[in-house]
Every structure is written in structure tokens, then in C-alpha cells.
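Every letter in the sequence shown is one number past the one before it in the numbering used here, and letter 2, counting from 1, is 22. Glycine included, C-beta positions come from ideal geometry on N, C-alpha and C. Computed from a predicted model, the values in this text were never measured in an experiment. Single-structure report; data block below.
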Amino acid sequence: MLEKFTKWKANLAATDLSDQAEEGQLPQHVAIIMDGNGRWAKQKGLPRIAGHREGMKTVTSTVRIASNIGIEVLTLYAFSTENWKRPKKEVDYLLRLPERFLNAELPQLIENNVQVRLMGTTEDLPSYTLSAVEKAIEDTKHNTGMILNFALNYGSRFELVEAVKLIGKQVERGELSADMISEQHIHEQLMTSQLKDPDLLIRTSGEIRLSNFMLWQLAYSEFWFTDVLWPDFKEQDFMEAIAVYQKRKRRFGGV
Ligand code: IPE
Ligand code: IPE
Ligand code: MG
């Protein structure tokens, strides 16, 4: 696990990154906003969906790398609650991708001991998307390796609204008084209640924003942005993000 990353680092040309990376910890939870598929396609004179098809290859390679180097949780933002605004043809294509990805990759995920999870609102998802993901969750539920958490039809504000509603109902039922509501309590109502917060957030394609992604959970995460478009995001880029993370000093408000 860590050895593989250390070996990779040793091979890295003697940049200032490789000097200190040794000291740092691997991020346990990496969250990625996979962005830039459309622009990648446009640059090549191709339809946007060609970018999504190519982006799926990056999902495959990134999952393999993350699992190999010992990342504990990889959360991938695959479809936001706002992405329904896109043309129907593109939405349909995007929502076919989980099925295509899992059809191709599930055996490999099982072999690599990966646990598939889903974060998002399932009601609005087409049945083919949901059944593919549910099958993958079921088939990998006894695995003990990396958690591969797909954010699908996920929006952080929606998640927070739902959490507030759940808490409101507990208060209504008299199970809780308003004064008892704590950070831990809110955490427990979120879709990430079983996960630790991301240590590292990566966003590709040069956009410097969160686009409604994990607003609560990213409170103390380290952010790393790159201009590289998601279909062009390679092992080297991923390793650079991790090496930069390892050089960061996380203070959490302390000294
Ligand atoms: C990311 O690429 C894929 C999703 C948002 C689902 P985009 O489709 O957003 O690509 P750009 O931002 O238009 O280049
Ligand atoms: C964020 O990317 C959503 C996903 C990567 C799934 P978008 O491309 O939808 O974000 P905006 O619209 O540029 O903020
Ligand atoms: Mg985009």
C-alpha cells in the first residue's frame, strides 16, 4: 500500500515535492469533483458525451490507483442535483455510465476488495442506474478494502435540508430537545454518517468552486485544484495532488 506510493515517489524526479512527502500521511478520504469532460470533447470537436465516455476511463484508472496505494475512502462526484438542468440526451448518457462502469469493473472491484457505496437521492434515479449500483453495493458489502463512494444525484444543500427535517421530526416526537442538537447529531443525519470527512478535495478543469459538494464535510479538508481536464487526469496528476497534500500543515484552528 504505502510502499507502492513511496516507490512511486522515489522514482519521481528530484523535485521539491518528493523531499518532504515522506513525512506526510496519506489522505484517508479523498473526494474528487470530476470536471471538464465537456470541454475536453469540445477541444477535440467531439460531442460532449464523448468527453463523458473518456472520463469514465479516468474513473477506472483513478479507482485502481487509489485502491492500490491504500486510500481508505474515495468519493467521486458523478452527478449533481443541478445536473438535471442539462439536455435530456446528456443526462441520459450520464445516468447510463454507472451501469456501464460497473458492468465492466465490478469483477475487478470485487477482486480488489473494494466496497461500493452510494451517496445521493435514489428516488429520481432511473431504475437501470439504481439497480446496477445496488447490485454492486450488495456484491461488495462483505469486502473490507477501499470504500468507493459514488455521489450520484447528490447535492449538499438538499442533504442538509433532509438532515434538518429528520432532526425536526425527532424534536416533534419529543425524542430530542432543540438544545441537545450537536455537531455529532447533525453528522449522524448526513449521507456520510458512516464516513470520516474528506482529508483531500480534488477538482479538475480549473474551476475553483464546490458546486454544492459536501459543504459540511469539507469544513477542514485540504483543497487541490488543477487545470487538467478530467479525461486527461492521469496517475502523475493524482500522485502530485497527494504529494502536495502531504506537504500541507493541517492545524484545525490550533497552532
Ligand atoms: C464533468 O464534466 C461531468 C459532470 C458534471 C457530470 P462536465 O460535463 O461538467 O464538463 P465541462 O465542465 O462542461 O467541461
Ligand atoms: C460539478 O460539476 C458536478 C459534478 C462533477 C458531478 P459541474 O460542471 O456540474 O459544476 P458547475 O456547473 O460548473 O458549477
Ligand atoms: Mg463542468
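Ranked by how close their Cα comes to the Cα of residue 78, the residues 144, 167, 52 and 196 have 52 in first place. Between residue 242 and residue 215, the CB-CB gap reaches or exceeds 7 Å.
Taking a contact to require three or more Cβ pairs closer than 8 Å, the segment 68 to 85 and the segment 240 to 257 qualify as touching. Boundaries of the beta strand (DSSP E) harbouring residue 139: 135 to 139, taken from the DSSP string. Less than 7 Å separates the beta-carbon of residue 225 from that of residue 56.
Of the candidates 131, 249, 117 and 244, the residue whose Cα lies closest to the Cα of residue 262 is 244. Boundaries of the alpha helix (DSSP H) harbouring residue 261: 255 to 267, taken from the DSSP string. Spanning the alpha carbons of residue 65 and residue 74 requires a straight line of approximately 14 Å. Nearest neighbour of residue 120 by Cα position, chosen from 148, 209 and 195, turns out to be 148. For residue 99, the beta-bridge partners assigned by DSSP are 172.
For the segment 145 to 224, the full-length alpha helix (DSSP H) segments reaching 4 residues or more read 147 to 159, 176 to 192 and 203 to 209 along the chain. In the DSSP assignment, residue 242 is bridged to 220.
Cβ neighbours of residue 247 within its own chain (closer than 6 Å, five residues either side excluded): 226. Residue 156 and residue 122 do touch by the CB rule: their CB atoms are close to 5 Å apart, below 8 Å. With distances taken between CA atoms, residue 142 lies nearest to 99 out of 267, 188 and 99. For residue 166, the closest alpha carbon among the candidates 44, 68, 153 and 92 is that of 92. Counting C-beta atoms within 10 angstroms of its own C-beta, residue 118 has 16 or more neighbours from the protein chains shown and is therefore classed as buried. Taking residue 239 as the centre and dropping the five residues before and after it, the same chain places the C-beta of 217 closer than 8 Å to its C-beta, in chain order. Residue environment for residue 139: buried (at least 16 other C-beta atoms within 10 angstroms of its C-beta). With fewer than 16 other beta carbons inside 10 angstroms of its own, residue 164 counts as exposed. Scanning its chain for C-beta atoms nearer than 7 Å, with the 5 sequence neighbours on each side dropped, one finds around residue 198 the residues 191, in chain order. Burial check for residue 133: the Cβ neighbour count within 10 Å stays below 16, so the residue is exposed.
Between residue 209 and residue 186, the CB-CB gap stays under 7 Å.
Taken in chain order, the unbroken stretches of alpha helix (DSSP H) that lie wholly in the segment 39 to 100 and span 4 residues or more are 57 to 63 and 68 to 89.
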